[in-house]
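In the working numbering, the protein residues as written are 5 to 161.
Glycine included, each C-beta is placed from N, C-alpha and C at the ideal position.
Below is one structure, written out as structure tokens; the observations come after it.
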Amino acid sequence: MCHMNDDNLYRQCIVDEGSINEMRYLKCVTKEVLRLHPPAPLLLPRESRERCEINGYEIPVKARVIVNAWAIGRDPKYWAEPESFYPERFIDSSVNFTGANFEYIPFGAGRRICPGMAFGVTNVELPLLYLLYHFDWKLPNGMKHEDLDMTERFGIL
């Protein structure tokens, strides 16, 4: 919600969870973060009820199957430049968190989709919205964004 102050020199905005729906690019950033780094990279194990074949692999009855959401989110069959952070790929895209698009399943899919999905997404979007709103982000001492080492590394740094 934004309003002009008394002297009309600048706008004062109040951001809250209602503001998130207006922030289309923030939603794209959230989707891209969760595509590259799903909260559960390996979904909970499932057990097959009957024999089936998937892409030439025979899955026997009662076999435990673990879905690799991390690998699906980086599969070049579904994503152009899958290793690149490119939030714009979600602009005007129907792909969402609900599990209907099997190329994008950061919270699982079907009946066993994560019940905390909405809570989890809000807890990424709202703090990010507040950080963007309350701080002026600049690189120090004339540094350029090309100079940043954004190499992904294993573990906590």
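Item, Value
"Could you check the C-alpha separation between residue 71 and residue 139 for me, to the nearest Å?", "39 Å"
"For the alpha helix (DSSP H) holding residue 134, just list the boundary residues, first then last.", "121 to 138"
"Tell me whether residue 85 sits in a helix, a strand or coil according to DSSP, three-state version.", "coil"
"Considering only the beta carbon of each residue, do residue 49 and residue 74 sit closer than 8 Å?", "no"
"Taking the alpha carbon of residue 103 as the point to measure from, which residue in 47, 29 and 135 has its own alpha carbon closest?", "47"
"So residue 51 packs on residue 66, CB below 8 Å; how close in whole Å?", "6 Å"
"Excluding five sequence neighbours on each side, which residues of the same chain lie with their C-beta closer than 6 Å to the C-beta of residue 117?", "103 and 111"
"If we cut at 8 Å on Cβ distances, does residue 139 have a partner in chain B?", "Of the protein chains in the structure, only one exists, and it is not chain B."
"Pull the bridge partners of residue 46 from the DSSP assignment, please.", "72"
"What does the Cβ neighbour count give for residue 114, buried or exposed, with the cut at 16 atoms within 10 Å?", "exposed"
"DSSP three-state call for residue 24: helix, strand or coil?", "helix"
"If we ignore side chains and look at the alpha-carbon of each, how far apart do residue 30 and residue 100 end up?", "14 Å"
"My output table needs one value for residue 56: the three-state DSSP class, helix, strand or coil.", "strand"
"Over what stretch of residues does the beta strand (DSSP E) that includes residue 61 continue unbroken?", "61 to 63"
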